[in-house]
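First residue of the sequence shown: 9, per the numbering used here; consecutive thereafter.
Here a beta-carbon is modelled for each residue, glycine too, at the ideal position from N, C-alpha and C.
Quick notes on the structure that follows.
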Amino acid sequence: MARTPRFTREDPDVRRQALIDATRRCMARDGVEGASVRRICEEAGVSQGLLRHHFGSKDNLMAETYRAQVLELEQATRGMIGRSDLGPAARLSGAIEASLRPPLAAPERRRVQLAFWDLVPRNPAIAAMHKKLYGDYRRDIARVIAEVACADGVDVDARAEARALTALLDGLWLQMCLEPKLFSVRRALGECHRLLGRSLPSLADR
Numbered sequence: 009m010a011r012t013p014r015f016t017r018e019d020p021d022v023r024r025q026a027l028i029d030a031t032r033r034c035m036a037r038d039g040v041e042g043a044s045v046r047r048i049c050e051e052a053g054v055s056q057g058l059l060r061h062h063f064g065s066k067d068n069l070m071a072e073t074y075r076a077q078v079l080e081l082e083q084a085t086r087g088m089i090g091r092s093d094l095g096p097a098a099r100l101s102g103a104i105e106a107s108l109r110p111p112l113a114a115p116e117r118r119r120v121q122l123a124f125w126d127l128v129p130r131n132p133a134i135a136a137m138h139k140k141l142y143g144d145y146r147r148d149i150a151r152v153i154a155e156v157a158c159a160d161g162v163d164v165d166a167r168a169e170a171r172a173l174t175a176l177l178d179g180l181w182l183q184m185c186l187e188p189k190l191f192s193v194r195r196a197l198g199e200c201h202r203l204l205g206r207s208l209p210s211l212a213d214r
């Protein structure tokens, strides 16, 4: 059902966010092909001219929507790994768990992420956004992995471990979308701990 929010001329940021939110709702419901300019604008309750005014093109809107999608994950991860009241292993485990539970892993959000992954090989703007944002995310994960390794007294390639972990998380997201009853959050978290526990003893015990 189309949304009909009331805007004023003084709130362009609100209108931009409304279009981003509408894009995600359309993608979650109808997939990439169903997220047309017409449907997005109907969902947001705005004119197609307003979309062009704020984003220039649908491709730019899609890229900004993907940015919003990944930044939510990145911000939640930084919030957890930056906690001063927890040790490094607890912070890493907490960041992983947060990425596997709602709101970050809500079913509709997973569907949007899958739709964007389909676009990455075909859309240069989204591919560039993906490379940059996922690179930032992996660096955040690598930093806390290095802290865990230091606390455990072991030597690991933190960047390689971060690449392996994020690849596993992406695969788990896919399986949780396809077979949610088979891949519970608890099981998915256990798989991540098993992967990291091969080189980080404090994660093997969780």
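Straight-line Cα distance separating Asp213 from His138
Working through the sequence shown from its first residue, we reach residue 138 at position 130. Working through the sequence shown from its first residue, we reach residue 213 at position 205. Cα-Cα distance, rounded: 33 angstroms.
Touch test, the segment 146–162 against the segment 95–112, Cβ-Cβ under 8 angstroms, three pairs minimum
The segment 146–162 is in contact with the segment 95–112.
Determine contact between the segment 117–137 and the segment 179–190, defined as no fewer than three beta-carbon pairs at a distance below 8 angstroms.
yes
What are the complete alpha helix (DSSP H) segments, minimum 4 residues, inside the segment 124–177?
132–160
To the nearest angstrom, how far is it from the Cα of Gln56 to the Cα of Gly64?
For the purposes of this step, residue 56 is identified with residue 48 of the sequence shown, where counting begins at 1. For the purposes of this step, residue 64 is identified with residue 56 of the sequence shown, where counting begins at 1. Gln56 and Gly64: Cα-Cα distance of roughly 11 angstroms.
Is the separation between the beta-carbon of Leu204 and that of Leu173 shorter than 8 angstroms?
Working through the sequence shown from its first residue, we reach residue 204 at position 196. Working through the sequence shown from its first residue, we reach residue 173 at position 165. Yes. Within cutoff.
Could you name the residues of the same chain whose beta carbon sits closer than 6 angstroms to that of Ala30, not counting the 5 residues immediately before and after it, in chain order?
Locating residue 30 in the sequence shown gives position 22, counting from the first residue. Ile48, Glu51 and Ala52, listed in sequence order.
Are the segment 142–152 and the segment 186–197 in contact at 8 angstroms, needing three or more beta carbon pairs?
Because the criterion of three Cβ pairs below 8 angstroms is not met, the segment 142–152 and the segment 186–197 do not touch.
Taking DSSP as the reference, what is the three-state secondary structure of Gly87?
In the sequence shown, residue 87 corresponds to position 79, counting from 1. In this structure, Gly87 counts as helix in the three-state DSSP scheme.
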